[in-house]
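Those protein sequence lines, which keep their order, are chains A and B.
Mapping of the first sequence onto the working numbering: residues 3 to 153, in sequence order.
Mapping of the second sequence onto the working numbering: residues 742 to 863, in sequence order.
Yeah, the Cβ is synthetic: ideal placement off N, Cα and C, and Gly gets one too.
A quick write-up on the structure given underneath.
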Amino acid sequence: MANSARVTGIGRVLIVVYGFLALAATGRSAVQILTKFDEAPLAYSLSALAAVVYIVATVALVAPGRSAASHTAWYRVAWGTITFELLGVIVIGVLSLADPELFPHDTVWSVFGRGYVFVPLILPVLGMVWLAKHRPRSTSPAAASAAQRTA
Amino acid sequence: MIEWFTTAQIAIAVAAGLLCLVLGFAGRKPNDLSMGAAALVEVLLVAQLVTAIVAPIFGNLPTGNVAEFYAYLISAVIVPPLAAFWALVERTRWSTVILGVACLAIAVMLYRMHIIWNVQLT
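Rendered as structure tokens:
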């Protein structure tokens with residue numbers, strides 16, 4: 003029991019960091035789009051897309067799912083969004099270095115997330131490690147607690 | 742925004758964040774020290790909010806976007822109570838780590854606020 007509580011704890015730290023990134027990316031892209039969208043429509047649209055994906059990823063990590071089916075569904079959503087983030091930060095990171103003209107204005111993912119202390123690059127990897135260790139099974143802590151709640 | 746006050750505030754937020762991270766990774770549950778550090782960061786944020794409201798009256802005007810500045814400041818003010826609430830609900834070492842992450846995030850937000858207020862180039 004102590005062990006499962008500890009795992010929940012680490013997962014929560016991950017969720018909190020995701021929450022901060024979602025908040026930061028959403029706030030920044032909202033300001034960029036509202037005040038200077040014409041300057042760099044591509045970069046700012048991408049920032050907004052990234053922000054939405056971070057929000058979905060955060061929700062997917064938080065939403066435990068009361069049934070095994072919804073737990074599996076959210077688990078897949080979490081994998082999908084986190085994979086998208088990792089691809090995004092790598093592809094945009096490489097492009098922004100190879101051809102700076104393409105992204106004259108910063109996005110969350112420019113230069114591998116330098117503007118966010120490389121958190122966008124590190125976080126998906128940590129997220130994947132965490133997800134890989136917490137597959138939805140009837141024996142997993144999350145599923146067990148979900149079962150307790152419905153019982 | 743008063744520059745020396747903001748600089749001191751960022752230093753305290755970083756120190757409080759590192760302290761909570763160290764305590765958390767050392768296995769300490771949230772205690773008076775870690776909660777007190779987060780509380781100090783919160784008190785300074787409220788002081789910063791008051792300063793930001795009053796400063797323009799004395800001719801200390803933001804050089805950047807005011808709405809963006811307040812978006813950061815108000816978000817920052819909300820963060821420590823949320824982290825502290827979590828620390829009271831789930832009393833594990835990871836709640837102490839969360840307090841630390843929150844304080845460090847606030848340091849970054851304060852830095853961004855400083856950029857918006859003092860050194861906006863566009």
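Residue i versus the options, residue with shortest Cα-Cα distance
{"i": "residue 91/A", "options": "119/A, 60/A and 135/A", "result": "119/A"}
{"i": "residue 779/B", "options": "851/B, 849/B and 839/B", "result": "839/B"}
{"i": "residue 12/A", "options": "842/B, 759/B and 860/B", "result": "842/B"}
{"i": "residue 44/A", "options": "18/A, 109/A, 33/A and 123/A", "result": "109/A"}
{"i": "residue 788/B", "options": "814/B, 771/B and 804/B", "result": "814/B"}
{"i": "residue 42/A", "options": "15/A, 75/A, 103/A and 135/A", "result": "103/A"}
{"i": "residue 770/B", "options": "742/B, 831/B and 746/B", "result": "831/B"}
{"i": "residue 810/B", "options": "855/B, 746/B, 747/B and 834/B", "result": "855/B"}
{"i": "residue 169/A", "options": "127/A, 38/A, 73/A and 112/A", "result": "Residue 169/A is absent from the model: chain A starts at 3 and stops at 153."}
{"i": "residue 757/B", "options": "773/B, 796/B and 743/B", "result": "773/B"}
{"i": "residue 112/A", "options": "33/A, 32/A and 49/A", "result": "49/A"}
{"i": "residue 56/A", "options": "14/A, 70/A and 20/A", "result": "20/A"}
{"i": "residue 754/B", "options": "820/B, 833/B and 834/B", "result": "820/B"}
{"i": "residue 853/B", "options": "760/B, 807/B and 822/B", "result": "807/B"}
{"i": "residue 61/A", "options": "14/A, 136/A, 135/A and 131/A", "result": "14/A"}
Minimum Cβ-Cβ distance from residue i to chain B less than 8 Å
{"i": "residue 19/A", "result": "yes"}
{"i": "residue 133/A", "result": "no"}
{"i": "residue 114/A", "result": "no"}
{"i": "residue 124/A", "result": "no"}
{"i": "residue 12/A", "result": "yes"}
{"i": "residue 136/A", "result": "no"}
{"i": "residue 7/A", "result": "Unreliable positioning characterises residue 7/A in this predicted model, as indicated by a pLDDT of 36, which lies under 50. A coordinate reading is not provided."}
Where residue i meets chain A, residues with beta-carbon distance less than 9 Å
{"i": "residue 809/B", "result": "29, 30, 33 and 37"}
{"i": "residue 754/B", "result": "Those do not exist, as residue 754/B stays about 14 Å from chain A at its closest Cβ, beyond 9 Å."}
Contact list for residue i against chain B, beta-carbon separation under 7 Å
{"i": "residue 120/A", "result": "Going along chain B, no residue has its Cβ under 7 Å from residue 120/A, so there is no contact; the nearest lies around 13 Å."}
{"i": "residue 25/A", "result": "816"}
{"i": "residue 15/A", "result": "835, 838, 839 and 842"}
Beta-carbon gap between residue i and residue j smaller than 8 Å
{"i": "residue 828/B", "j": "residue 816/B", "result": "no"}
{"i": "residue 52/A", "j": "residue 27/A", "result": "yes"}
{"i": "residue 784/B", "j": "residue 844/B", "result": "no"}
{"i": "residue 751/B", "j": "residue 848/B", "result": "yes"}
{"i": "residue 124/A", "j": "residue 64/A", "result": "no"}
{"i": "residue 121/A", "j": "residue 115/A", "result": "yes"}
{"i": "residue 81/A", "j": "residue 23/A", "result": "no"}
{"i": "residue 818/B", "j": "residue 851/B", "result": "no"}
{"i": "residue 74/A", "j": "residue 138/A", "result": "yes"}
{"i": "residue 117/A", "j": "residue 812/B", "result": "no"}
{"i": "residue 792/B", "j": "residue 826/B", "result": "no"}
{"i": "residue 857/B", "j": "residue 800/B", "result": "no"}
{"i": "residue 859/B", "j": "residue 776/B", "result": "no"}
Listed by chain order, chain A residues near residue i by CB distance under 8 Å
{"i": "residue 745/B", "result": "Under the 8 Å cutoff, chain A gives no residues; its nearest Cβ is about 25 Å from residue 745/B."}
{"i": "residue 830/B", "result": "Under the 8 Å cutoff, chain A gives no residues; its nearest Cβ is about 10 Å from residue 830/B."}
{"i": "residue 825/B", "result": "Near residue 825/B there are no residues of chain A at all, since even the closest Cβ is about 13 Å away, more than 8 Å."}
Residue i at chain A interface by Cβ criterion, 8 Å
{"i": "residue 751/B", "result": "no"}
{"i": "residue 793/B", "result": "no"}
{"i": "residue 779/B", "result": "no"}
{"i": "residue 806/B", "result": "yes"}
{"i": "residue 788/B", "result": "no"}
{"i": "residue 812/B", "result": "yes"}
Proximal chain A residues relative to residue i, where beta-carbon distance stays under 7 Å
{"i": "residue 846/B", "result": "22"}
Self-check item: Complete runs of the alpha helix (DSSP H) confined to the region 746-800 of chain B [at least 4 residues]
Solution: If we require 4 residues or more, the alpha helix (DSSP H) runs fully inside the region 746-800 of chain B come out as 773-795.
Quiz prompt | Whole runs of the alpha helix (DSSP H) within the region 55-120 of chain A, excluding any shorter than 4 residues | solution = Within the region 55-120 of chain A, the complete alpha helix (DSSP H) runs of at least 4 residues are 70-100.
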